[in-house]
Amino acid sequence: MNESDNDRQLAVEEQLAAEELDAGDFTLLNSLRAHYDEHDPVPDGLVERLQFQITLDALNTEVATLTQLDLAAAGARSATTEAVRTITFTSESLTTMVTLTPLGDGTVRVDGWAAPGAGIRVEVLLADGPRNTYADDDGRFVFEAVPSGLAKFALYVRHDTEFSTVLSPTIEL
Amino acid sequence: MTGGTVEDSLASRAGRLFAEYRDGDHAKLGDLVRVLTPILWHTARAARLDSATAEDVLQTVWLTLIRKSDTITEPRAVLQWLVISTKREAWKVAKNQTRFRPEHLESTTSDADYGDSIEDTVLRDESDNSLWRHIERLPERCRMLLRVIAFADRPDYAELARALGMPQGSIGPTRGRCLAKLRMALAQDPTWEHR
Numbered sequence: 032m033n034e035s036d037n038d039r040q041l042a043v044e045e046q047l048a049a050e051e052l053d054a055g056d057f058t059l060l061n062s063l064r065a066h067y068d069e070h071d072p073v074p075d076g077l078v079e080r081l082q083f084q085i086t087l088d089a090l091n092t093e094v095a096t097l098t099q100l101d102l103a104a105a106g107a108r109s110a111t112t113e114a115v116r117t118i119t120f121t122s123e124s125l126t127t128m129v130t131l132t133p134l135g136d137g138t139v140r141v142d143g144w145a146a147p148g149a150g151i152r153v154e155v156l157l158a159d160g161p162r163n164t165y166a167d168d169d170g171r172f173v174f175e176a177v178p179s180g181l182a183k184f185a186l187y188v189r190h191d192t193e194f195s196t197v198l199s200p201t202i203e204l
Numbered sequence: 002m003t004g005g006t007v008e009d010s011l012a013s014r015a016g017r018l019f020a021e022y023r024d025g026d027h028a029k030l031g032d033l034v035r036v037l038t039p040i041l042w043h044t045a046r047a048a049r050l051d052s053a054t055a056e057d058v059l060q061t062v063w064l065t066l067i068r069k070s071d072t073i074t075e076p077r078a079v080l081q082w083l084v085i086s087t088k089r090e091a092w093k094v095a096k097n098q099t100r101f102r103p104e105h106l107e108s109t110t111s112d113a114d115y116g117d118s119i120e121d122t123v124l125r126d127e128s129d130n131s132l133w134r135h136i137e138r139l140p141e142r143c144r145m146l147l148r149v150i151a152f153a154d155r156p157d158y159a160e161l162a163r164a165l166g167m168p169q170g171s172i173g174p175t176r177g178r179c180l181a182k183l184r185m186a187l188a189q190d191p192t193w194e195h196r
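Sequence order for the protein chains is H and Y.
Each number in my numbering corresponds to the 1-based position in the first sequence with 31 added.
Each number in my numbering corresponds to the 1-based position in the second sequence with 1 added.
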């Protein structure tokens with residue numbers, strides 16, 4: 032492209048740029064939108080994940096991540112396995128360790144220890160509702176016979192006058 | 002879009018939800034997320050972030066909005082605020098990603114690598130394909146602007162152009178340079194037969 036062509040192109044571009052938006056532009060923008068929607072769509076579940084994060088944030092919730100999973104009899108779990116498992120999960124304010132001992136009757140004994148966790152309230156969230164207990168002065172807590180199944184732990188940590196909630200990942204009891 | 006009536010647009014819908022949220026209706030924040038996720042997603046992706054990073058950016062931006070919601074004086078400005086924040090956060094993160102190269106900033110070539118390389122998957126419809134090719138040849142700033150405003154409504158264009166740091170007159174009452182460039186390119190392309 033020589034220089035005068037270039038100038039002409041620029042002049043046309045400038046003129047086009049100064050015109051009001053017309054139907055052709057809206058059609059073009061609609062095509063762009065359809066194009067991006069098709070080829071780079073918003074990922075499935077993104078809206079729900081963002082909403083969930085916002086809810087947790089509103090509750091002052093810290094989501095603890097699993098840091099350790101000791102299986103006494105890894106790979107050999109069945110309904111009758113008497114495997115004792117120890118699970119550790121960590122968040123900003125707490126580290127929590129729970130030892131799960133199957134009692135052989137479809138229930139599990141949970142021995143937990145949260146640090147720093149003196150006197151905090153601990154909840155185990157089960158399919159049929161939550162159960163509550165309080166940690167002792169050393170941060171230890173016990174749930175005697177919890178039905179096995181999926182569960183989460185919620186620990187309520189005091190910061191002066193406010194509480195924050197530490198939520199564990201889902202754990203199979 | 003003349004006349005003095007309040008035009009319904011993405012920014013005004015977002016503004017209403019945000020105002021209701023700040024007045025104590027917390028569920029409205031979830032609605033706001035639903036309404037604005039597409040435009041913010043494309044704002045983040047226009048900065049060439051991969052999918053997982055773009056998600057993180059959106060999460061950061063929404064949590065920041067909650068913390069700073071009192072600092073937004075005019076609820077209708079919430080869309081603009083979110084687009085600016087998403088763009089800034091996305092560029093900040095992109096700078097730290099090793100695959101980001103400065104030449105992407107003003108790249109006008111069509112072979113620049115594009116996140117998940119969308120153009121590789123686009124080889125079906127000839128018109129669609131040529132539209133894509135011309136989009137890829139636009140300056141980076143134009144590509145971002147057009148991508149973002151394609152997910153908004155006409156009354157929002159000028160505000161969004163400003164939010165994206167484009168000079169005045171980029172788009173709004175007038176067509177602006179980015180759309181002019183694209184239309185010229187398409188007009189000169191015999192394979193473009195949309196109209």
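C-beta: ideal position from N, C-alpha, C; glycine also.
Note that the structure is predicted; figures quoted are calculated from it, not measured.
Asked, Found
"DSSP bridge partner residues for residue 183 of chain H (one or two, in chain order)", "H:156"
"One or two residues paired with residue 158 of chain Y in a DSSP bridge", "DSSP, once it has assigned bridges, lists no residue as partnering residue 158 of chain Y."
"Residue nearest to residue 135 of chain Y in terms of C-alpha spacing, selected from Y:48, Y:153, Y:64 and Y:186", "Y:186"
"Contact list for the segment 34 to 56 of chain Y against chain H, Cβ threshold 8 Å", "34, 35, 38, 39, 42, 43, 46, 52 and 56"
"Host alpha helix (DSSP H) of residue 118 of chain H (start-end)", "Per DSSP, residue 118 of chain H belongs to no alpha helix (DSSP H); it is in the beta strand (DSSP E), 116 to 121."
"Status (buried if at least 16 other CB within 10 Å, exposed otherwise) for residue 57 of chain H", "exposed"
"Partners in chain H for residue 65 of chain Y, counting only beta-carbon separations shorter than 8 Å", "Ordered by position in chain H, no residue passes the 8 Å Cβ test against residue 65 of chain Y, which lies about 11 Å from the chain."
"Neighbourhood of residue 107 of chain Y by C-beta distance below 7 Å, restricted to the same chain and skipping five residues each side", "Residue placement at residue 107 of chain Y is flagged as unreliable, the pLDDT there being 46, under the threshold of 50; the coordinate-derived value follows with that caveat. Here the set comprises 140 and 141."
"Residue-chain proximity (residue 177 of chain Y, chain H), Cβ-Cβ < 8 Å", "yes"
"Three or more C-beta pairs below 8 Å linking the segment 146 to 157 of chain Y and the segment 39 to 47 of chain Y", "yes"
"Local conformation of residue 97 of chain H per DSSP, three classes", "strand"
"Assumed close pair residue 54 of chain H, residue 177 of chain Y - CB separation to whole angstroms, cut-off 8 Å", "Incorrect: roughly 16 Å between the Cβ atoms, too far for contact."
"C-beta contact flag for residue 173 of chain H and residue 124 of chain H at 8 Å", "no"
"Residues bridged to residue 163 of chain H (per DSSP)", "H:154"
"Enclosing beta strand (DSSP E) for residue 175 of chain H [first to last residue]", "171 to 178"
"Minimum Cβ-Cβ distance from residue 35 of chain H to chain Y less than 8 Å", "no"
"Selected residue, minimal CA-CA separation from residue 176 of chain H, among H:61, H:201, H:76 and H:139", "H:139"
"Validate contact between the segment 154 to 165 of chain H and the segment 6 to 24 of chain Y using beta carbons, cut 8 Å, 3 pairs", "no"
"Own chain partners of residue 171 of chain H with C-beta closer than 6 Å, once the 5 adjacent residues on each side are dropped", "144"
"Identity of the residues DSSP links to residue 129 of chain H by a beta bridge", "H:118 and H:143"
"Beta carbon of residue 65 of chain Y nearer than 8 Å to that of residue 86 of chain Y", "yes"
"Under 8 Å between C-beta atoms of residue 195 of chain H and residue 61 of chain H", "no"
"Under 7 Å by beta carbon: chain C residues contacting residue 195 of chain H", "Protein chains H and Y are contained in the structure displayed, whereas chain C is not."
"Span of the beta strand (DSSP E), counted from its first residue to its last, around residue 195 of chain H", "193 to 198"
"Beta-carbon neighbours of residue 50 of chain H, restricted to chain Y and to distances below 9 Å", "175, 176 and 181"
"Residues near residue 34 of chain Y by beta carbon distance below 7 Å, same chain, minus five either side", "63"
"Beta-carbon proximity check, residue 25 of chain Y vs residue 82 of chain H, cutoff 8 Å", "no"
"Residue 158 of chain Y burial status per 10 Å Cβ neighbour count (16 or more: buried)", "buried"
"Residue 181 of chain H classed as buried or exposed, judged by whether at least 16 other C-beta atoms fall within 10 angstroms", "exposed"
"Beta-carbon gap between residue 136 of chain H and residue 150 of chain H smaller than 8 Å", "no"
"Cα-Cα separation between residue 122 of chain Y and residue 70 of chain H, rounded to whole angstroms", "Residue confidence for residue 122 of chain Y is low, a pLDDT of 46 falling below 50, so the modelled location carries little weight; the figure read from the coordinates is stated next. Near 8 Å, if we compare the C-alpha coordinates of residue 70 of chain H and residue 122 of chain Y."
"Inside the segment 57 to 92 of chain H only - beta strand (DSSP E) runs reaching at least 3 residues", "none"
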